[in-house]
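Participant:
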Amino acid sequence: MSELAEPTPLAELTTLGVGGVPERMLVAEDTDELVAQLTDLWQSDEPWMVLGGGSNTVATDDEIAGAVVLIRTQGIERIATDEGVVLRVQAGETWDDLVAYAVENRLAGIEALSGIPGSVGAAPIQNIGAYGQELSSVLLGVELLDVETGERSHVPASALGLGYRTSVLKRHGGADAERDAVVLSVDLLLTEAPDGMGRPVAYTQLASALEVELGDRVELTRVRDAVLRLRRSKGMVLDPSDRDTYSAGSFFTNPIVTEQASRVLPADAPRWPQGNIDETVTVIPLDGSSDVVAPPPIQATSQREVKLSAAWLIEHASIPRGFHLPGSRAAISSKHTLALTNQGNARADDIAALARFVQARVQSEFGITLQPEPVLIDIEL
Numbered sequence: 001m002s003e004l005a006e007p008t009p010l011a012e013l014t015t016l017g018v019g020g021v022p023e024r025m026l027v028a029e030d031t032d033e034l035v036a037q038l039t040d041l042w043q044s045d046e047p048w049m050v051l052g053g054g055s056n057t058v059a060t061d062d063e064i065a066g067a068v069v070l071i072r073t074q075g076i077e078r079i080a081t082d083e084g085v086v087l088r089v090q091a092g093e094t095w096d097d098l099v100a101y102a103v104e105n106r107l108a109g110i111e112a113l114s115g116i117p118g119s120v121g122a123a124p125i126q127n128i129g130a131y132g133q134e135l136s137s138v139l140l141g142v143e144l145l146d147v148e149t150g151e152r153s154h155v156p157a158s159a160l161g162l163g164y165r166t167s168v169l170k171r172h173g174g175a176d177a178e179r180d181a182v183v184l185s186v187d188l189l190l191t192e193a194p195d196g197m198g199r200p201v202a203y204t205q206l207a208s209a210l211e212v213e214l215g216d217r218v219e220l221t222r223v224r225d226a227v228l229r230l231r232r233s234k235g236m237v238l239d240p241s242d243r244d245t246y247s248a249g250s251f252f253t254n255p256i257v258t259e260q261a262s263r264v265l266p267a268d269a270p271r272w273p274q275g276n277i278d279e280t281v282t283v284i285p286l287d288g289s290s291d292v293v294a295p296p297p298i299q300a301t302s303q304r305e306v307k308l309s310a311a312w313l314i315e316h317a318s319i320p321r322g323f324h325l326p327g328s329r330a331a332i333s334s335k336h337t338l339a340l341t342n343q344g345n346a347r348a349d350d351i352a353a354l355a356r357f358v359q360a361r362v363q364s365e366f367g368i369t370l371q372p373e374p375v376l377i378d379i380e381l
């Protein structure tokens, strides 16, 4: 078992730059070692947590009880099938390194997910997605280590309860996951692209950046480069010289509410229908860059759901970019209202206080409670 003599503060291992020192810290560099470490911990009843890239974690600055296991397992196995190419990827691989590998090897399906920080093992937990591509569209399954039984098993994607930025593996607001297990590896089904062309572009902002039409196919390398530029413009690619990038990405998920509930919002509030869309609904562009659906005539029996823009709700609750509470080193990003940032020496309590303020303002203004996207460790909102 590989144990660090001096545990590293989580503030040095998370992109938000907050988090205390754990009592113990273990490092797993291969899957068998990871399984052995976790099994020993579970048999001892010692408190534990696993940490991959640290990009979606907000932890208390107090001492963290028990052991933190750093997942550093590596390996990408390529398996040819009749349907495409399966990549079996170890959980400790860096997600963006995997995307770069896929693009370099002319494998399409995750090119628009470039620049997302964190590890491969965290991707299905969060069910990541961006710029018109979703992990769920290429995820075949995962290998899990079950906490209760200690058994390893391959689980199909259909059994993971994948939804908008969620799965049965995710801890919501500090609550336990529906399925208590650790991801050991991930299987992705990608498409061979001998011509180097990616999947059809499915996001208006990306199409605009590429100067193409929705549905056009573009070279994988061009898509990746364009997505990285877009993410950098929003402070979503870590840059040591830019404090706006010291964040956990989007701190709040876009709320999904019933169509009827959304009608309390102003008419110009962005709405994205979920599921089937009535053909009579008119699609109107917002600033020429987003596909936003105007609410159709409501019927008493309608329970259709729509996704709202958390960024719009925050901005229209009078919280501008760059906002911070007096005396706090935590702030809303100056580039993107969904990102809560560490402007230097912020503490976890500063981040939590700002998050609670944002939630309270949006709740007061619109009656909608924003839900945090990151995993919270000994922090309550």
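Counting from 1, one number per residue, gives the positions in the sequence shown under my numbering. Quick reminder that beta carbons are idealized off the backbone N, C-alpha and C, glycines included. Model, not experiment: these values are computed from the prediction.
(1) Do Val120 and Leu98 have their C-beta atoms within less than 8 Å of each other?
(2) CA-CA distance, Ile379 and Phe357?
(3) Compute the Euclidean distance between the alpha carbons of Asn276 and Val306, then round it to the nearest angstrom.
(4) Our contact map puts Pro124 next to Val186 with C-beta atoms below 8 Å; I'd like the distance itself, whole angstroms only.
(5) Rounded to whole angstroms, what is the Cα-Cα separation between Arg24 and Asp45?
(6) What does a CB cutoff of less than 8 Å around Val21 pick up in its chain, not counting 5 residues either side in sequence?
(7) With contact counted as at least three CB pairs below 8 Å, one residue from each stretch, are the stretch 105 to 120 and the stretch 220 to 235 in contact?
(8) Would you mind working out which of Gln43, Gly19, Leu338 and Leu51 sits nearest Val27, comparing C-alpha positions?
(9) Considering only their Cβ atoms, is the gap separating Gly54 from Thr15 smaller than 8 Å?
(10) Measure the alpha-carbon distance for Thr204 versus Ala311 and round it to whole angstroms.
(11) Under 8 Å: do the stretch 196 to 215 and the stretch 150 to 170 share three or more Cβ pairs, one atom per stretch?
(12) When you compare only the Cα positions, how much space is there between Leu144 and Met49?
(13) Beta carbon of Arg263, beta carbon of Asp61: below 8 Å?
(14) Considering only the beta carbon of each residue, do Arg88 and Ala193 sit closer than 8 Å?
(15) According to DSSP, is Glu63 part of a helix, a strand, or is it coil?
(16) How about the stretch 34 to 42 and the stretch 76 to 86: do they share at least three Cβ pairs that are nearer than 8 Å?
(17) Nearest to Pro266 by CA position, among Leu190, Leu162 and Leu313, is which residue?
(18) Just to confirm my understanding: we take Gln126, look at its own chain, exclude 5 residues before and 5 after, and list those with CB closer than 7 Å. What are they?
(19) Please state whether the Cβ-Cβ distance between Gln359 and Leu381 is less than 8 Å.
(20) Which two residues bound the contiguous beta strand (DSSP E) that contains Thr191?
(21) Tell me the rounded alpha-carbon separation between Ser333 and His316.
(22) Judging by CA-CA distance, which residue of Asp216, Leu189, Arg271 and Gln303 is the nearest neighbour of Met197?
(23) Suppose you measure from the CA of Gly109 to the CA of Leu325; what does that come to, to the nearest Å?
(24) Within the same chain, show all residues whose beta-carbon is closer than 7 Å to that of Ala130, passing over the 5 residues directly before and after it, in chain order.
(25) Under DSSP, the beta strand (DSSP E) around Glu315 begins and ends at which residues?
(26) Is Val147 near Asp180, with beta carbons less than 8 Å apart?
(27) In this structure, what does DSSP give as the bridge partners for Arg88?
Facilitator: Considering the structure as presented:
(1) Contact flag set, yes.
(2) Approximately 15 Å, taken between the alpha carbons.
(3) Bear in mind that the predicted position of Asn276 carries a pLDDT of just 45, short of 50, making it too unreliable to give a figure here.
(4) The pair is a contact, with the Cβ atoms about 6 Å apart (cut-off 8 Å).
(5) Their Cα atoms are separated by approximately 14 Å.
(6) Contacts found: Pro7, Thr8, Pro9, Leu10, Glu63 and Ile64.
(7) In the pairwise beta carbon analysis, the stretch 105 to 120 is classified as touching the stretch 220 to 235: at least three pairs are separated by under 8 Å.
(8) Of the candidates Gln43, Gly19, Leu338 and Leu51, Leu51 places its Cα closest to the Cα of Val27.
(9) Yes, Cβ-Cβ distance for Thr15 and Gly54 is below 8 Å.
(10) Rounded to the nearest whole angstrom, the C-alpha separation of Thr204 and Ala311 is 17 Å.
(11) Cβ pair count under 8 Å is below three, so no.
(12) Their backbone Cα atoms lie some 15 Å apart in a straight line.
(13) Contact: no.
(14) Taking 8 Å as the Cβ cut-off, Arg88 and Ala193 do not qualify as a contacting pair.
(15) Of the three classes helix, strand and coil, the one that applies to Glu63 here is coil, per DSSP.
(16) Counting Cβ pairs under 8 Å, fewer than three are found: no touch.
(17) Closest by alpha carbon: Leu313.
(18) Apart from sequence neighbours up to five positions away, the residues of its chain that approach Gln126 with a beta-carbon distance below 7 Å are Asn56, Arg165 and Lys170, ordered along the chain.
(19) Yes, these two residues count as a Cβ contact at 8 Å.
(20) Start and end: Ala181 to Glu192.
(21) The alpha-carbon atoms of Ser333 and His316 are separated by roughly 16 Å.
(22) The residue with the shortest Cα to Cα distance from Met197 is Asp216.
(23) Approximately 41 Å, taken between the alpha carbons.
(24) Hits under 7 Å: Ala112, Leu113 and Ile116.
(25) Element bounds for Glu315: not the beta strand (DSSP E) but the alpha helix (DSSP H), Ala310 to Glu315.
(26) Yes, the Cβ-Cβ distance between Val147 and Asp180 is below 8 Å.
(27) Partner(s): Glu77 and Asp187.
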